[in-house]
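Protein chains in written order, with the working numbering: chain A, 555 to 703; chain B, 555 to 703; chain C, 555 to 703; chain D, 555 to 703; chain E, 555 to 703; chain F, 555 to 703; chain G, 555 to 703; chain H, 555 to 703.
Think of the CB as a built atom: it goes at the ideal place given N, C-alpha and C, for glycine as much as any other residue.
Structure record follows, encoded as structure tokens.
8 protein chains.
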Amino acid sequence: MIDETDKKILDILQRDVNTPLREIGAVLNISAPAVFKRIKKMKKMGVIRRETVIIDPKTVGMDLIGFVGIAAELDKLDKIVSTLMNIKGVLGIYLITGEFDILIKVIARDMKSFRDIVIHKINEIDGVVRTTTMISFETKKDTNYIPLL
Amino acid sequence: MIDETDKKILDILQRDVNTPLREIGAVLNISAPAVFKRIKKMKKMGVIRRETVIIDPKTVGMDLIGFVGIAAELDKLDKIVSTLMNIKGVLGIYLITGEFDILIKVIARDMKSFRDIVIHKINEIDGVVRTTTMISFETKKDTNYIPLL
Amino acid sequence: MIDETDKKILDILQRDVNTPLREIGAVLNISAPAVFKRIKKMKKMGVIRRETVIIDPKTVGMDLIGFVGIAAELDKLDKIVSTLMNIKGVLGIYLITGEFDILIKVIARDMKSFRDIVIHKINEIDGVVRTTTMISFETKKDTNYIPLL
Amino acid sequence: MIDETDKKILDILQRDVNTPLREIGAVLNISAPAVFKRIKKMKKMGVIRRETVIIDPKTVGMDLIGFVGIAAELDKLDKIVSTLMNIKGVLGIYLITGEFDILIKVIARDMKSFRDIVIHKINEIDGVVRTTTMISFETKKDTNYIPLL
Amino acid sequence: MIDETDKKILDILQRDVNTPLREIGAVLNISAPAVFKRIKKMKKMGVIRRETVIIDPKTVGMDLIGFVGIAAELDKLDKIVSTLMNIKGVLGIYLITGEFDILIKVIARDMKSFRDIVIHKINEIDGVVRTTTMISFETKKDTNYIPLL
Amino acid sequence: MIDETDKKILDILQRDVNTPLREIGAVLNISAPAVFKRIKKMKKMGVIRRETVIIDPKTVGMDLIGFVGIAAELDKLDKIVSTLMNIKGVLGIYLITGEFDILIKVIARDMKSFRDIVIHKINEIDGVVRTTTMISFETKKDTNYIPLL
Amino acid sequence: MIDETDKKILDILQRDVNTPLREIGAVLNISAPAVFKRIKKMKKMGVIRRETVIIDPKTVGMDLIGFVGIAAELDKLDKIVSTLMNIKGVLGIYLITGEFDILIKVIARDMKSFRDIVIHKINEIDGVVRTTTMISFETKKDTNYIPLL
Amino acid sequence: MIDETDKKILDILQRDVNTPLREIGAVLNISAPAVFKRIKKMKKMGVIRRETVIIDPKTVGMDLIGFVGIAAELDKLDKIVSTLMNIKGVLGIYLITGEFDILIKVIARDMKSFRDIVIHKINEIDGVVRTTTMISFETKKDTNYIPLL
């Protein structure tokens, strides 16, 4: 497992992946090479999965976020999930408690393309029994920043 | 707005923010400085909000993802949202259609700390009428990668 | 009450209010003045409420149709209805059976202005307990033509 | 797209399609021929779909308005909609968010003929899974007037 | 149709079918034979369906009253109803608005025999999709007396 | 408690309260006075609550039967029930399992008078939190005949 | 049936099955052999089903308690129940009123093994139509002690 | 933590707390004193909470098992739970996911005493917003035996 110093490094990198090693080291009172070594270890361990840019969806015309609750035939759950994995625009897939079996998060250009995903793509999946759709009027927060400290 | 070349750059950077400019330029048949200029423009425009590391929540002991539907007194909606913004572990806040007014995504260490957030933190917010909780048994996908191509 | 000939006239006028009296008379085997007399009578009786143009909402940028179910404090129902009557964009108000007391039909420019109506305007009404919103992805039919024949 | 003057013309015509061109022109400070030209353009553009009479349903014995939520097999959605289009009394067909896929508005003479539509007509449609019916006790507003100003 | 005097007679007979004609006549200021004639007419018209004793269910060990909402395949609705008609203990069958198609009222000796009706008898009916059961803890009122005055 | 012979008498009287004692006695192989004695006993015991006529509601213009589920503040349940007892048209009051606390059966002349009962009368009762209304499209069975054999 | 003295014995034994007969006798003012005789009788009658240890599930790593509502095809209910009887971890099976036909209580090591039971084991049962899962965040009480006094 | 041998001992004791130590030892290939030592340790650790008799509720006239879902004001949750803890007949209290905050299991003599608990006892608790009751028609399984092997 990772220690408190690792967590502090992750916290800094989550805010800005380009923070210089020296700067990170200065904050944590360790040397830059030590920071480098820890980051390398966390990449190897799979703690750091990816280094990426975060895009503001509105600026690229992906204006619509919605959630779809899916009730499924349970013996087809695995297949349904693996098909959902490959539908463009499906950003999250969660097996959940409650009356639905799967909750998915979808991003789309507009109502029409959202519906195309829900009706045409999800519908092609064998074993989907019932869906309920919730559209986000407005997204107040949508981050991948995980609080570690 | 951004053009197709910008989108291709964003797609590459979403996969790996550290891809060398030269490599990007080679793929797109433009010069490295042209790539640099476009990235700079997109940062200024707010298209690129942040450069970050993506952490695997399980490796850092954040094992539990859940969603909470909140029915609110509508005249207190703004205050509720601004309080939710500051609750550690609340990664998404969506104003949605349907029977709930707000859907939030929460990440927590375990059931107990999840419940602390739901019962103690969300409860302190004036105007919350009713909540429904859905826990993710298993997270099959949870990405911030936005498909642009 | 109106007779079968009246109904036929209404059917023609619903399709095109500008159909010449003579043409209507020819179809029904009565004289144009007889048609005129019947139309006049039906206006007086309140059968014909208004002569109007039907606008295609999309062409004027009113792209969003939604329905809102409202559960109300029943002793405030009359006041709630009379307030709803004056909210721009509320095209239909129905007191209905089932779990909601009122169902309203709303037209708006976009998601944001729709939500402004739901959250800010409807919220200002005292006695509204709970609302559920359904957004129309796509309107397949939306007519005022009443089948009489 | 249409401009502010067009919108004012539409607003007047929605209130009374027979308003003389001269009268409209006087309000808008343009000539009657200019008004005529704009109306002609808006008909051509499809902004004005129809000129019609609005009937008071009660006076013609169409006393009952109801809404039916329909959950459908999604791969049969298109066929279901096209069948619904031809059922007499179905005035509105909306593909909606939430637990139902389609919401329809129905007008009928009485409870019995309403039920005939719901049970016998809608039932003949292959792919309808579940329906929920809401009857309007009282219609407080039901207009096609679209607010443009 | 029946008149006010008929209604008064019905009201008296509902309270006690054995009220002497003379006594009824005295209350209504008409002769006993006139009362007799009116009762005869109302039997012939079908206004009076039956003369009966009302039993207190508890005293005969029929302790349990419950309601069952039934969602049905609509094309089998007629057959389902005609089968329900013949199930002993089913006292009421109503085609209703809302999420269920049929609501039935059932009386039974105890929980076990109630469940036998719901699970074994209702289940044998082809076309029943889903049922919801509500048991009456306590029956505060259960009358066939129709208020006419 | 009553015995099998009593039950047979009750069954006959439920079908026709005017069946001659002799006729009943013949069927049961007992004397007419013995039948009389048993009936008298059952009246005294409260088994037979009332002798009455059963009216066909439609013939007297009571065309609408509906059910209302009431969620109540539980500490006001007794008062709510005693008020409901005195509302004309409320034929049944049941304290039930499930999401509602009270289910009532209402009979009314038409939609309008039904709604007056639901909105104005039931609403005057302090402690009613939420109501759901189900209207009977058609009453297929509605009897007070209790099966004893 | 058992008497008050028996109930007092049962109450003591429920608290501690090892309470000496003499001690029980002293409390109840009867002899130890009389206590013994009563216990023996209650075992024979089936009042006492088992003598057992109660384990604290957390201490043995059975951390998760959940409930699953099951809607079933009713003609397969008996088979479903008999299959559920043999699923390890299913501690309670109740045929219930309301929208579900069966409610089961499940205990499991963790979310994953809980889901395995719900999805893989329960799913293998033919006739299960729909399930809803509720997870216990925290178990405040879970006892088999039946209050008899 | 406990080991596999401990689990086997617990499994035996759950089936019959009176199994002789020697017999247990023979099965597990350890000495009786070793079994004794392990049991003593598990009592000390709190693994074994209680040694008790399991009563068949029907034989003691506790015929009714039901579940009540409680939606609560969250800031009063702790108080509500501590009051529920002391209500006779409440055997289980679970803080659960989904639309209710608390699920309780109740045992009672009959419908009437069940309702007394739900309406009068639970109602006295400040902060209870809404309850839903499910009654068990039939209890197919209800055990405290925890599968460890």
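What separation, rounded to the nearest whole angstrom, lies between the Cα atoms of residue i and residue j?
i: ILE679 (chain G); j: PHE654 (chain A); result: 19 angstroms
i: MET665 (chain H); j: VAL635 (chain F); result: 18 angstroms
i: LEU702 (chain B); j: VAL644 (chain A); result: 13 angstroms
i: LYS561 (chain B); j: THR606 (chain A); result: 14 angstroms
i: GLU627 (chain H); j: ILE656 (chain H); result: 11 angstroms
i: LEU567 (chain G); j: GLU692 (chain H); result: 26 angstroms
i: ALA625 (chain D); j: ASN677 (chain D); result: 12 angstroms
i: LEU582 (chain B); j: ASP565 (chain B); result: 12 angstroms
i: LYS594 (chain G); j: ILE563 (chain G); result: 12 angstroms
i: ASN698 (chain C); j: VAL672 (chain D); result: 20 angstroms
i: MET616 (chain B); j: ASP629 (chain H); result: 26 angstroms
i: ASP632 (chain H); j: ILE650 (chain E); result: 42 angstroms
i: PRO611 (chain D); j: LYS597 (chain C); result: 13 angstroms
i: PHE590 (chain E); j: VAL682 (chain E); result: 47 angstroms
i: ALA588 (chain D); j: SER585 (chain B); result: 55 angstroms
Starting from residue i and walking both ways along the beta strand (DSSP E), at which residues does that stretch end?
i: VAL682 (chain H); result: 682 to 696
i: ILE556 (chain G); result: Looking at the DSSP string, ILE556 (chain G) is not in any beta strand (DSSP E), and its letter there is neither H nor E.
i: LEU657 (chain C); result: 656 to 662
i: GLU605 (chain G); result: 602 to 609
i: GLY615 (chain C); result: GLY615 (chain C) -> no beta strand (DSSP E), and no H or E assigned at all.
i: LEU702 (chain G); result: That residue, LEU702 (chain G), is in no beta strand (DSSP E); it is neither H nor E in DSSP.
i: LEU628 (chain G); result: Where LEU628 (chain G) is concerned, there is no enclosing beta strand (DSSP E), given that its DSSP letter is neither H nor E.
i: VAL644 (chain C); result: 644 to 650
What are the start and end residues of the alpha helix (DSSP H) that includes residue i?
i: PHE668 (chain A); result: 665 to 669
i: PHE590 (chain B); result: 586 to 598
i: LEU638 (chain G); result: 631 to 639
i: LEU582 (chain A); result: 575 to 582
Which residue wins for smallest C-alpha separation from residue i, given the options the options?
i: TYR648 (chain A); options: B:LYS694, B:ALA588, B:MET555 and B:ILE650; result: B:LYS694
i: ARG603 (chain C); options: D:GLY646, D:ASP570 and D:SER585; result: D:ASP570
i: VAL601 (chain E); options: E:ALA625, E:MET555, E:GLY646 and E:LYS642; result: E:MET555
i: ASP557 (chain C); options: D:ALA588, D:ARG669, D:ILE584 and D:THR613; result: D:THR613
i: GLY652 (chain H); options: B:ILE608, B:ARG669, B:LYS598 and B:ALA586; result: B:ARG669
i: ASP696 (chain B); options: A:GLY681, A:MET639, A:THR559 and A:ILE609; result: A:MET639
i: VAL674 (chain G); options: G:ILE658, G:GLY646, G:ILE641 and G:ILE700; result: Just to set this straight, residue 674 (chain G) is His in the shown sequence, not Val. Nearest option by C-alpha distance: G:ILE641.
i: ILE700 (chain F); options: E:ILE609, E:ILE658, E:ARG592 and E:SER667; result: E:ILE609
Using a C-beta to C-beta distance shorter than 8 angstroms, which residues of chain J count as neighbours of residue i?
i: ARG604 (chain D); result: Judged by its chain identifiers, the structure shown contains no chain J, and its protein chains are A, B, C, D, E, F, G and H.
(request) Would you list, in chain order, the members of the segment 646 to 676 of chain D that have their beta-carbon closer than 8 angstroms to a beta-carbon of chain F? (result) MET665, LYS666, PHE668 and ARG669
(request) Quick one: which residues of the segment 567 to 583 of chain H get their C-beta closer than 7 angstroms to a C-beta of chain B? List them in chain order. (result) none
(message) Under 8 angstroms, with one C-beta from each stretch per pair, do the segment 617 to 634 of chain C and the segment 660 to 675 of chain C reach the 3-pair mark?
(response) yes
(request) Determine which residues of the segment 617 to 628 of chain C have a Cβ less than 9 angstroms from any Cβ of chain A, and write them out in chain order. (result) ASP617 and LEU618
(message) Can you confirm whether the segment 669 to 689 of chain A touches the segment 575 to 591 of chain C when touching is taken to mean that 3 or more C-beta pairs between the two stretches lie within less than 8 angstroms?
(response) no
(request) Mind checking the segment 585 to 600 of chain F against chain E and listing, in chain order, the residues whose C-beta falls within less than 7 angstroms of any C-beta there? (result) MET599 and GLY600
(request) Below 7 angstroms between beta carbons is the criterion; list the residues of the segment 676 to 696 of chain C that meet it against any residue of chain A, in chain order. (result) ILE689, PHE691 and GLU692
(request) With 8 angstroms as the C-beta to C-beta threshold (strictly closer), list the residues of the segment 629 to 641 of chain B near chain C in chain order. (result) ASP629 and LEU631
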